[in-house]
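Beneath this line is the structure, given in C-alpha cells, with notes to follow.
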C-alpha cells in the first residue's frame, strides 16, 4: 500500500487554563523539509517533536503549528516588592530632607520606574507536556490516515495507467508484419527504380533486407517493457516507501517506449507509442506525490 505525501492532521489538547491546538500539513518534497511554529513555552521540546515527525512522516514538506489559547497568557507579570520598597525609602528620605513630609503619593511616582514590575516566562510542566505530546501523536496519526486515504486514490490511478500502457503494448504486434512488408516493398521499389528490376541480385537483396529489418526488431523492447510494467506493480505492492523507486522504474519504461517509437516506422504503431507516452507522463506527475 502506498501513501501520498499530501496530508493534514489536527488535534486539540484541553488543559485546565488553556487550549493547545496542533496542526500538521504536508506536501510533496524530495526529502523531509520541516517548518515549525511552536509556542515559546514548548520550544525546548522542538527536537523531540521533530524526531516524532520524522519517525512517522519520513518525507515531504511539513508545516507544524502548535499554538496556545490561554486565560493567563504565557508570561506572568509580578510586582517587584523589593525594588518598590527601595524606591520608597529613597524618595521618603529625599522628601524629608527637603521638607516635603506631606507627600503620600509615592506609589504613583514609583510604579512607572524601571523594574517595578517583572515579567516571568511560565515554566513548562512535564505533566502538561505529556498531554500535549499525546495530542501531537494524535495529529500525526490523523495525517498518516489522511496520507493513506490519498494513497489509495493514487494507487488506483497508477494501476489503471500501467494497465493502459500494457494494453497499448499488446496492440503493437498486429502491425509488425505489415510494417516489415511495407519496408521491404519500399526498398524493393526504390531499387527497381534506380537500377532496374533485372539488375538486382535477389539473394544479396534478401540478405540486406534481413540485416536492415533485424536492426528494426522490437522484440527485446517489448519484453523489457513488459518486465518493467510488472516490476512497477510489484514495487507498489511490496515497498513501504516506493516513491523514489517508482520514479526510477518509470524512467526505464520511458526508455523502452522511446526506442519503440524510434524503430516503429509505422503510423499505427506511432499512435500507440504516443498514447503510451501520454500515460507515462501522467504517471510521472503522480509519482512526485508518492511517499
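Numbering (our numbering), first residue to last: 616 to 906. Idealized CB from N, CA, C, for every residue including glycine.
Would you call the segment 739-754 and the segment 620-638 touching, i.e. three or more CB-CB distances under 8 Å?
-> With a cut-off of 8 Å on Cβ pairs, the segment 739-754 is in contact with the segment 620-638, counting three or more such pairs.
Rounded to a whole number of angstroms, what is the C-alpha to C-alpha distance between residue 846 and residue 864?
-> Here residue 846 refers to the residue found at position 231 when the chain shown is read from its first residue. Here residue 864 refers to the residue found at position 249 when the chain shown is read from its first residue. Roughly 8 Å separates the two Cα atoms.
Cβ-Cβ distance between residue 678 and residue 645 below 7 Å = Residue mapping note: residue 678 aligns to position 63 of the chain shown, counting from 1. Residue mapping note: residue 645 aligns to position 30 of the chain shown, counting from 1. One thing to note: residue 678 has its Cβ no nearer than 7 Å to the Cβ of residue 645.
Have a look at the DSSP bridge pairing and note the partners of residue 682.
-> Along the chain shown, one-based indexing puts residue 682 at 67. Bridge partners of residue 682: 636.
Give every residue of the same chain whose Cβ lies closer than 7 Å to the Cβ of residue 876, excluding the five residues on either side of it in the sequence, and list them in chain order.
-> Here residue 876 refers to the residue found at position 261 of the chain shown. Its chain contains 885, 888 as the residues whose beta carbon lies nearer than 7 Å to that of residue 876, once the 5 sequence neighbours on both sides are disregarded; these appear in chain order.
Using three-state DSSP, classify residue 756 as helix, strand or coil.
-> Along the chain shown, read from residue 1 onward, the residue named residue 756 stands at position 141. DSSP places residue 756 within a helical segment (H, G or I) once states are collapsed to three.
Exposed or buried, which one is residue 905 when buried takes at least 16 other CB atoms within 10 Å?
-> In the chain shown, the residue the question calls residue 905 occupies position 290. Buried.
Using alpha carbons as the reference points, say which of 804, 681, 731 lies closest to residue 703.
-> Start at 1 with the first residue of the chain shown, and residue 703 comes out as number 88. Nearest neighbour of residue 703 by Cα position, chosen from 804, 681, 731, turns out to be 731.
Does the distance from the CB of residue 894 to the CB of residue 774 come in under 7 Å?
-> Position 279 of the chain shown, counted from the start, is the residue given in the question as residue 894. Position 159 of the chain shown, counted from the start, is the residue given in the question as residue 774. The Cβ atoms of residue 894 and residue 774 do not sit closer than 7 Å to each other.
Are the segment 656-674 and the segment 755-769 in contact at 8 Å, needing three or more beta carbon pairs?
-> The segment 656-674 vs the segment 755-769: in contact.
Straight-line CA distance for residue 694 to residue 658?
-> Here the question's residue 694 lines up with position 79 in the chain shown. Here the question's residue 658 lines up with position 43 in the chain shown. Taking the straight line joining both Cα atoms gives about 26 Å.
Compare the beta carbon distance of residue 683 and residue 625 with 7 Å and say whether it is the shorter of the two.
-> One-based indexing of the chain shown puts residue 683 at position 68. One-based indexing of the chain shown puts residue 625 at position 10. In this structure, residue 683 lies away from residue 625, with their beta-carbon atoms at least 7 Å apart.
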